[in-house]
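Keeping their order, the protein sequence lines are chains A and B.
When the letters of the first sequence are read in order and numbered with my numbering, they come out as residues 272 to 605.
When the letters of the second sequence are read in order and numbered with my numbering, they come out as residues 9 to 134.
In what follows, a structure is listed as structure tokens, so that the remarks can point back to it.
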Amino acid sequence: MQALFAWSSVALGGGSVMFVSLLLFRRIRLYRIEVERDQAEERLEPLALALVSGEETEAVDTRDAGVLAGLLSRYARQVTGDSRSALADYFEASGSVDRAMAALGDRHAWRRAAAADLLGAMGSEQAIGALRDALGDGSRDVRTAAARSLGRLRASAAVEDLVRVFVTADVAHGVAGEALLGLGSAALPALRALTHHGDPGLREAAVELLGLLGEPADSPLLVARLRDSAAEVRASAARALGRLAAEDAAAAVRGALDDRIPFVRAAAARALGEIGGRDAAPALLALARSDHYDAAQSAARALARVDPELLAAAGREEFGQHVLEAADRAAIRS
Amino acid sequence: MTEHGPLVLVADDDDDIRSLVIFRLERSGYRTVVARDGEEALALALERVPALAVLDVMMPKLDGYEVTRRLRSEDATRGMPVILLTARAQDADVARGFESGADDYIRKPFSPQELLARVQAILGRR
């Protein structure tokens, strides 16, 4: 029995020594890899900078190619214009884009997410289709990286996909929204088409974004959405017209003050505050006196912007709590 | 590095951006001095009096606006052209840059070629 204990102790001790040695060996190996990578980065930095500047450079061997791609993808995040095109050309020619697109099918989610992020940094339009597919990936990290990269690539072909993941919240609103806003005017044709989509969620998001990115010429299209069957879309259209300060839409927005849904009336009142014009003042005052809390408060605050004199007079006559509150706020500001 | 080209101060706390700017300028015949924060940038500008300064807006210790303002208040650097490199591109930020005395600004991410063209344009005017 004693011998058994003795041998067990020896075996446990030996196992522990082996385990610690293994950890130590692994740590040393990782450290050496890190040092080698740093040295390679230092050696390849001038070559990478020359590539960014669009200069002709010598080819590198396969081992250096990975380090060079990593360096270039870092620089690619900082540059635009010819430099970005030069890098995209390099990544396509060197096969880096193909390898990263293949990695989108990897069984590890972190590798797929890293590949999606890298494709955005590489700047190659060849990756747009694969990144659009990656918006449907089972991992949120992969979808998020794909959305960011599509924004970085200014992929106007991906507008509908991005709006969809924005609506379904498959990608965080901030990320999908930033990608769409980053597209700027390139997103407008697709957004305009989406305002007629069968899905009210997509219509609402498209109308909202049109208010942020659109032009005065979008006003008639948004006015049409004030009569949408979905209240969220009508409210969204009122907000968008307010943001665009669409004076030609003032009469239509005034009409939305009679909408049967209170939050649409509230959005219309706020929009009239943005658009301005005293024509809206009597209707806003009436809404401020008699409506639900939000709509009445919004109307009173809008009145403070479009006709401060009427608001002041109404405030003295005690037209209700929201009118008084808005008059006080206006008095404090002035 | 060229030995006789105009001297340009490049100040940015981001290693990659510094490398990109320096490479582009030196390849085109400019000499460069480098700072990693606002205080270092100010000290170098007063000591070396470069022909032009490319300053990041969001730097540690002193931001690009403040460095520009202080350069404008010193006799030696009052007329030194300044290009601000900024990730902030709101109109108010741009206006703030010009109010602080900057001559031009470039948004990040940026085109190194465009930066070079602006440097050449400003120095060519003088």
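We put the beta carbon where it would ideally sit given N, CA and C, even for glycine.
Is any beta-carbon of chain A found at less than 8 Å from that of residue i?
i                 : result
Ile91 of chain B  : no
Gln128 of chain B : no
Asp21 of chain B  : no
Against chain E, does residue i count as a neighbour if the rule is that its beta carbon must be under 8 Å from one of theirs?
i                 : result
Val350 of chain A : Structure shown: chain E not included; protein chains present are A and B.
Run down chain A in chain order and give the residues with a C-beta less than 9 Å from the C-beta of residue i.
i                : result
Arg26 of chain B : Within 9 Å Cβ-Cβ: nothing; Arg26 of chain B doesn't reach chain A, min ~10 Å.
Arg35 of chain B : Leu320, Ala321, Ser324, Glu326
Taking its Cβ as the centre, do 16 or more other Cβ atoms sit within 10 Å of residue i, making it buried, or is it exposed?
i                 : result
Leu317 of chain A : With the sequence shown as reference, residue 317 of chain A is identified as Pro, and Leu is not the correct amino acid for it. So Pro317 of chain A counts as exposed.
Gln310 of chain A : exposed
Phe290 of chain A : exposed
Gly286 of chain A : exposed
Tyr361 of chain A : buried
Thr439 of chain A : exposed
Val306 of chain A : exposed
Ser420 of chain A : buried
Leu342 of chain A : buried
Ile299 of chain A : exposed
Leu295 of chain A : exposed
Asp519 of chain A : exposed
Asp432 of chain A : buried
Met372 of chain A : buried
What does residue i reach in chain A if we use C-beta pairs closer than 8 Å?
i                : result
Arg44 of chain B : The premise fails here: Arg44 of chain B is roughly 16 Å from chain A at the closest Cβ pair, so nothing lies under 8 Å.
Against chain B, with Cβ distances strictly below 8 Å, would residue i count as a contact?
i                 : result
Ala571 of chain A : no
Ser354 of chain A : yes
Leu316 of chain A : For clarity, residue 316 of chain A is Glu in the given sequence; the question names Leu instead. Judged by the 8 Å Cβ criterion, Glu316 of chain A is in contact with chain B.
Could you tell me which chain B residues have their CB closer than 7 Å to the CB of residue i, listed as they occur along the chain?
i                 : result
Arg345 of chain A : Asp24
Helix, strand or coil, according to DSSP, for residue i in the structure here?
i                 : result
Ala384 of chain A : helix
Ala61 of chain B  : strand
Ala371 of chain A : helix
Arg308 of chain A : helix
Arg531 of chain A : coil
Asp377 of chain A : coil
Asp353 of chain A : helix
Thr415 of chain A : helix
Thr94 of chain B  : strand
Tyr38 of chain B  : coil
Leu497 of chain A : coil
Ala557 of chain A : helix
Arg303 of chain A : helix
Leu3 of chain B   : Lying outside 9 to 134, the shown extent of chain B, residue 3 of chain B is not represented and no answer is given.
Asp22 of chain B  : coil
At 8 Å on the CB atoms, spell out the chain B contacts of residue i, in chain order.
i                 : result
Val323 of chain A : Leu28, Phe31, Pro120
Whose Cβ in chain A lies nearer than 7 Å to the Cβ of residue i?
i                 : result
Lys116 of chain B : Gln349
task: Go through the segment 424-475 of chain A residue by residue and report every complete run of the beta strand (DSSP E) that reaches 3 residues or more, in order.
output: none
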